[in-house]
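Inspection log for the structure reproduced underneath, given as structure tokens.
In the numbering used here, the protein residues as written are 2 to 295.
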């Protein structure tokens, strides 16, 4: 676990990248062949000072504070400023000052709706994060989804979600993500953002095009909870948590990858399979102009 703030007020170096010193004085960020990057200290700055600056990039110090510290130590602030720009460009550094879009400052609120192993596993992960989690297991006819006051709903465990709940989520434009187990495999997605993406009804219509009996089968699946080995449950939950983390980060480049996609976790075959979903021409989930139209 990292102690970096969930919503940094200053430049935040990716905490997953190890800082390493090479024999020639170059600093290496990360040690993987696809993730590692080399950073040569600029003239007048030694490796120790460069590492000191990099360790300040924890999200708690605004860029101006970092540069003032650099200047106080007699280093070239302009050179360090250029290094920060390079780190932002290569994706190793998140700097709120480099992004003009609205910042996400509120604590993300997520509802886990479902009663089963996936719900329990996801809740265990999210409760130690910066995400505020609430849970529910049923959705009576008198329920009002707006009282949940959440940014996203995870529809877990049920093989087919409650259609009344899905309708209300669409009507009130609440993003939602199905996470379930199917025939011993995990399935996550598609991540639905009402009015902007395909929806779960689009997926049902596409399935019906392929198999006209699908509505009859889906009715039988409603209320059933899938089963899988514990390892599959944990892997599936981890994928879902990753999507919520991406949503919570509020960064355009880290948007959830399962928008309009599903990911199937098949540990038996050591395979992860993605499938793309599109808006169905017979669905009315296109851009909405008023609540109540889904």
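Ideal placement from N, C-alpha and C gives every residue a C-beta, glycine not left out.
- Looking at the DSSP output, residue 278 sits in no beta bridge, so it has no partner there.
- Looking only at 233, 285, 120, the smallest Cα-Cα distance to residue 270 is reached by 233.
- Just measuring C-alpha positions, the residue of 242, 221, 196 sitting nearest residue 279 is 196.
- Contact between residue 146 and residue 170 holds: CB atoms are separated by about 6 Å, below the 8 Å threshold.
- Going by DSSP, residue 119 is part of no beta strand (DSSP E) but of the alpha helix (DSSP H) stretching over 118-127.
- Residue 175 is not bridged by DSSP to any residue.
- CA-to-CA, the gap between residue 275 and residue 157 works out to about 19 Å.
- The way I'd put it, the stretch 42-53 does touch the stretch 67-79; three or more beta-carbon pairs between them come closer than 8 Å.
- If you draw a 10 Å sphere on the C-beta of residue 37, you find fewer than 16 other C-beta atoms in it, and that means exposed.
- Per the Cβ contact rule, the stretch 205-225 is not in contact with the stretch 83-93 (fewer than 3 Cβ pairs under 8 Å).
- Between residue 138 and residue 226, the C-beta gap is not smaller than 7 Å, which leaves the two residues out of contact.
- By the criterion of a C-beta distance shorter than 7 Å, residue 82 is surrounded in its chain by 68, once the five residues flanking it on both sides are discounted.
- Comparing alpha carbon positions, the residue from 141, 188, 151 closest to residue 166 is 141.
- In the DSSP assignment, residue 81 falls within the alpha helix (DSSP H) that extends over 78-90.
- If you draw a straight line from the Cα of residue 19 to the Cα of residue 219, it comes to about 48 Å.
- The beta carbon of residue 96 sits closer than 7 Å to those of 12, 64, 85, 89, all from its chain and outside the five residues before and after it, given in chain order.
- For residue 194, there is no enclosing alpha helix (DSSP H), since its DSSP letter is neither H nor E.
- Contact annotation: residue 154 and residue 112 have beta-carbon atoms nearer than 7 Å.
- Assignment of beta strand (DSSP E) within the stretch 14-40, counting only whole runs of 3 or more residues, yields 20-22, 28-30, 38-40 in chain order.
- Around residue 32, the same chain offers 19, 21 as residues with beta carbons nearer than 7 Å, after the five sequence neighbours per side are excluded.
- When secondary structure is reduced to three states using DSSP, residue 46 falls in the coil class, being assigned neither helix nor strand.
- Between residue 187 and residue 266 a beta carbon distance of about 4 Å is seen, short of the 8 Å cut, so the two are scored as contacting.
- With respect to the 7 Å criterion, residue 190 and residue 159 are not classified as neighbours on the basis of their beta carbons.
- Buried is the label assigned to residue 151, since at least 16 other Cβ atoms lie within 10 Å of its Cβ.
- Relative to residue 282, the option among 172, 58, 193, 210 whose CA is nearest is 210.
- A straight-line Cα-Cα distance of about 19 Å links residue 180 and residue 174.
- In this model, residue 183 and residue 235 are separated by some 14 Å (Cα to Cα).
- Shown here, residue 267 sits in a strand according to DSSP, grouped into three states.
- In this structure residue 48 touches residue 26 by the C-beta definition: roughly 5 Å separates them, less than 8 Å.
- With fewer than 16 other beta carbons inside 10 angstroms of its own, residue 17 counts as exposed.
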